[in-house]
Amino acid sequence: MSPRFLKPFWNVCILFCFISFLGGCSTYHKPAASLSPSDVMKKAGWWGRPHFHDDLEKKSLLAAIKKNSEFLNRLPADRVFAYGDQKYSVEDVKESYRHFISILEESKEGADLNYRIIKDFDIYISTGQNNTKKILYTGYYEPIIKGSYTRTEDYQYPLYRKPDDLIEIKLGNFSRDLKGKRIIARIDDKRVVVPYHDRKSIDRLGSLSGRGLEIVWLSSPLDVFFLHIQGSGIVEMPDGSKINVNYAAANGRKYRSIGRLLIKDGKIPKEKMSMKALREYLKTYPEEMDRVLFHNESYVFFRIVEQGPIGSTGVPLTAGRSIASDARIFPKGGLAFIETEIPVTDEEGNVKGWKKISRFVVAQDAGGAIKGPGRIDIFFGTGNEAAKQAGSMNREGRIFFLIKKKKR
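Using this note's numbering, you'd call the opening residue of the sequence shown number 106 and step up by one each time.
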């Protein structure tokens with residue numbers, strides 16, 4: 106690597122460290138980026154445990170666990186999972202799932218299931234938002250969107266595959282203090298390391314145009330934007346054929362919520378914020394489109410997959426059973442139990458009320474906005490009905506992670 110390359114790169118590293126240092130000094134609480142599993146996962150005492158009642162059918166839970174086993178079977182034997190301050194091997198996690206399945210199948214009533222889980226499993230509760238043990242639950246889904254392989258008058262907005270010049274630099278290779286940190290970047294014409302193109306540069310200035318990166322073309326910039334937010338989707342062509350597209354990479358820019366922007370600007374009241382409200386606002390005020398969409402500099406690139414949607418564990422997601430969480434602090438592929446409320450909607454997608462839920466789920470995905478111990482995203486499924494619920498989901502609750510007790 107030439108000195109000409111190293112100099113700007115180290116400038117980036119120094120800037121990164123300085124920003125991290127300032128972030129750590131700006132608040133009394135430990136910054137989210139530096140939290141560890143032992144900081145955010147605490148063993149639940151008898152007074153803090155939930156009643157383990159599952160409101161969904163057993164079949165979907167077993168399906169999610171079976172898919173998750175594909176992820177666990179691919180991992181090296183020395184992979185370690187952290188539950189609070191305890192470490193578990195891949196085989197420990199597999200055995201935990203096997204034991205959970207046997208309890209699930211043998212228990213004839215809810216009381217027996219609840220008793221055996223409390224008896225055989227260690228139960229960890231998330232410290233949640235600001236140590237309140239409260240989790241903000243949102244939702245996501247797999248949309249079905251009209252599109253075309255070729256650009257036409259009706260389909261003008263591209264969905265891009267991962268560009269060849271997008272690179273990931275692992276900062277831990279240069280300093281042990283930066284272990285686990287990375288930046289997404291590109292090398293410009295002067296051989297300088299710079300941040301990758303942002304949303305405005307790509308969608309307005311055409312920084313990726315003419316490079317043959319287009320997978321399909323969609324009819325609306327909103328369809329593109331919300332597909333980026335969901336991370337996967339089904340694109341239906343004019344001839345009726347369909348393809349599954351799934352997250353492949355991102356530009357490394359920070360995710361910024363356009364919903365939060367419009368609430369701050371007084372455009373949409375907080376209590377009425379939803380995906381439906383966002384779409385209606387931007388259709389009513391198209392002159393606001395660029396300002397609002399470009400507020401979120403994060404940009405997602407896709408790939409075509411045979412079956413979708415695929416989570417960050419590399420296996421298909423299961424509606425109602427798969428969640429997105431922060432894998433830096435919660436065990437990837439871990440068994441969890443959630444308590445919250447989900448929206449009850451009418452045919453137009455308006456919320457008529459809220460329904461309490463409690464169920465076992467599997468941590469099979471991640472998300473740009475899902476960071477820290479107080480954020481979880483629930484996967485609601487595919488199509489319009491899932492969209493109605495996911496688009497309105499914004500409720501607090503609790504989350505617990507379960508692992509079979511170690512033999513003493």
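We treat Cβ as the ideally placed atom computed from N, Cα and C, and that holds for glycine.
Taking the alpha carbon of S362 as the point to measure from, which residue in S201, Y202 and L383 has its own alpha carbon closest?
L383
For A152, the residue or residues it bridges with in DSSP
Looking at the sequence provided, one finds Trp at residue 152 rather than Ala. Answer by DSSP bridge pairing: none, since W152 is not bridged.
Pull up the distance between the alpha-carbon of P263 and that of F330, whole angstroms please.
11 angstroms
Classify E258 as helix, strand or coil using the three-state DSSP reduction.
coil
Residues near S497 in its chain [Cβ-Cβ closer than 6 angstroms; skip 5 each side]
S379, P448 and V456
Relative to the alpha-carbon of G488, which residue among V145, I249 and W151 has its alpha-carbon at the smallest distance?
I249
Do the stretch 158–168 and the stretch 462–477 make contact, defined as three or more Cβ pairs closer than 8 angstroms?
yes
Once DSSP output is grouped into helix, strand and coil, what is the label at R384?
helix
Restricting to Cα atoms, I'd like to know which of A432, Y265, S312 and H302 is closest to G189.
A432
Would you please state the rounded distance, in angstroms, between the beta carbons of D160 and I481? I believe it to be under 8 angstroms.
17 angstroms between Cβ atoms; not a contact.
Give the DSSP bridge partners of Y193, in chain order.
F186
Could you name the residues of the same chain whose beta carbon sits closer than 6 angstroms to that of P391, not counting the 5 residues immediately before and after it, in chain order?
none
Among residues of its own chain, excluding the 5 on either side of K493, which ones have a beta-carbon nearer than 6 angstroms to its beta-carbon?
T450 and G454
Beta-carbon contacts of H400 that lie in its chain and below 8 angstroms, excluding the five residues immediately before and after
R361, I363 and L366
Tell me whether W322 is buried or exposed, calling it buried when 16 or more other Cβ atoms sit within 10 Å of its Cβ.
buried
In this structure, what does DSSP give as the bridge partners for L440?
V467 and L507
Identify, in the order they occur along the chain, each residue of the same chain with its Cβ nearer than 6 angstroms to the Cβ of E319, setting aside the five sequence neighbours on each side.
P263
Could you check whether I222 and I540 sit closer than 8 angstroms to each other, using their CB atoms as the reference points?
Residue 540 lies beyond the range of the chain shown here (106 to 513); nothing can be said about it.
Bridge partners for S231 per DSSP, in chain order?
M146
For N236, is the classification buried or exposed, using 16 other Cβ atoms within 10 angstroms of its Cβ as the cut-off for buried?
exposed
Look at the Cβ atom of Y229, then the Cβ atom of I483, and state whether they are nearer than 8 angstroms.
no
Using 10 angstroms around the beta-carbon of S207, count the other beta-carbons present and answer buried if the total reaches 16, otherwise exposed.
exposed
For G215, which residues in the same chain have their Cβ closer than 6 angstroms to its Cβ, ignoring the five residues on either side in sequence?
H158
Quick check: the Cα distance between P343 and R408, rounded to an integer number of angstroms?
20 angstroms
Would you report the Cα separation of S306 and G317, rounded to the nearest angstrom?
17 angstroms
Could you name the residues that DSSP lists as bridge partners for Y245?
F484
Residues near G458 by beta carbon distance below 6 angstroms, same chain, minus five either side
V449
Thinking C-beta only, is E162 closer than 8 angstroms to K251?
no
Delimiting residues of the alpha helix (DSSP H) encompassing K284
No alpha helix (DSSP H) holds K284; DSSP gives it neither H nor E.
If you count every other CB in all the chains shown that lies within 10 Å of the CB of V397, and 16 or more means buried, which is it?
buried
Do you know offhand how far K359's Cα is from G472's?
12 angstroms
CA-CA distance, V299 and I274?
11 angstroms
Among H302, K512 and I428, which one has its Cα closest to the Cα of I170?
I428
Roughly how many whole angstroms lie between the Cα atoms of C130 and A187?
Note on C130: pLDDT 34, under 50, position unreliable in the model; the coordinate value appears next. One C-alpha to the other measures close to 27 angstroms.
Using the DSSP secondary-structure output, state which residues sit across from G502 in a beta bridge.
I240
Where does A355 sit, in a helix, a strand or coil, going by DSSP?
strand
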